[in-house]
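Participant:
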Amino acid sequence: AQSVAQPEDQVNVAEGNPLTVKCTYSVSGNPYLFWYVQYPNRGLQFLLKYITGDNLVKGSYGFEAEFNKSQTSFHLKKPSALVSDSALYFCAVRRAGTASKLTFGTGTRLQVTL
Amino acid sequence: EPEVTQTPSHQVTQMGQEVILRCVPISNHLYFYWYRQILGQKVEFLVSFYNNEISEKSEIFDDQFSVERPDGSNFTLKIRSTKLEDSAMYFCASGRGIAVHEQYFGPGTRLTVT
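Heads up: the sequence lines are chains A and B, in that order.
Quick note on numbering: this note's numbering labels position 62 of the first sequence as 45, and the sequence is numbered without any gaps.
Position in the second sequence (first residue = 1) + 4 = this note's numbering.
(1) Within 8 Å (strictly less), CB to CB, does Glu60/B reach chain A?
(2) Taking just the CA atoms, how far does Asn32/B sit from Asn13/A?
(3) Less than 8 Å between the beta carbons of Leu93/A and Val(-6)/A, yes or no?
(4) Closer than 8 Å by C-beta to Glu7/B: which residues in its own chain qualify, once you throw out the five before and the five after it? Chain order, please.
(5) Give a yes or no on whether the minimum CB-CB distance between Lys52/A and chain B is below 8 Å.
(6) According to DSSP, Arg114/B sits in a beta bridge with which residue or residues?
(7) May I have the straight-line CA-CA distance separating Val117/B from Val28/B, to the nearest angstrom?
(8) Are any of the Cβ atoms in chain A nearer than 8 Å to that of Pro111/B?
(9) Please identify the residue among Ala82/A, Arg78/A, Tyr44/A whose C-alpha is closest to the C-alpha of Ala(-16)/A.
(10) Since Gly45/A meets chain B, which of its residues come closer than 9 Å, beta carbon to beta carbon?
(11) Counting only Cβ pairs nearer than 7 Å, list the residues of chain A close to Glu106/B.
(12) Along the segment 40 to 57 of chain B, where does the CB come closer than 8 Å to a CB of chain A? Name the residues.
(13) Mapping the DSSP letters down to three states, classify Tyr22/A as helix, strand or coil.
(14) How many angstroms separate the CA atom of Thr123/B from the CA atom of Leu25/B?
(15) Counting only the same chain and skipping the five closest in sequence on each side, list residues whose C-beta sits under 8 Å from that of Ser70/B.
Okay, structure coming up:
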């Protein structure tokens, strides 16, 4: 079985400050890890992924995420938040080497204020 | 940029009625998925489809559900006899294959069962 935990329902940050959205996972074998963002009344938009290699992966809109195998974590980060980053963020995992289902976390609402 | 499309955007139906949700995946993708998101809850996997057959399904995907790729471009989800608890946002996703790891999601169909 595979699972994802996003321990924070909401993260509040001021524009210009760094942000972190936390994610831990559980999966058999090696993981493929993903972050998706959902804006109101929209679908899930792919942000970035970790497959193999460098533990720090960069994605769209200045976001990056750090894979930590020992802590089974894949936290999403951005050095300087924008108000337009306010949205719902989902972490997802699936088994490496497959095209199988994604298992999502419960989502974290990011609120960036001026 | 190619994207996954879904129709309708919103469907209202009465309990016990059949509904068909339609998706057009990205044209060179080989793997197709349906997920759902009950309001305020996480995104849940329903079914995956490859090579004209179901490759994986969740416990949610019972005999009331079926999927079809009738014409090589559309991918449909049918719910035979809707229940109140089927009310959710249904997302279609597609992926190119094992070597290209992310899934691309459509904007969703909001199904309301009354």
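Heads up, the beta-carbon is just placed ideally off N, CA and C, and yes, glycines get one too.
Facilitator: This is what the structure gives:
(1) yes
(2) 27 Å
(3) yes
(4) Ile30, Tyr108, Gly110
(5) no
(6) His14/B, Met93/B
(7) 23 Å
(8) yes
(9) Arg78/A
(10) Simply none; closest approach about 18 Å.
(11) Phe17, Phe29, Lys32
(12) Gln45, Lys46, Val47, Glu48, Phe49, Ser52, Tyr54
(13) coil
(14) Since the first residue of chain B shown is 5 and the last is 118, residue 123/B is not available in this structure.
(15) Leu81, Lys82, Arg84
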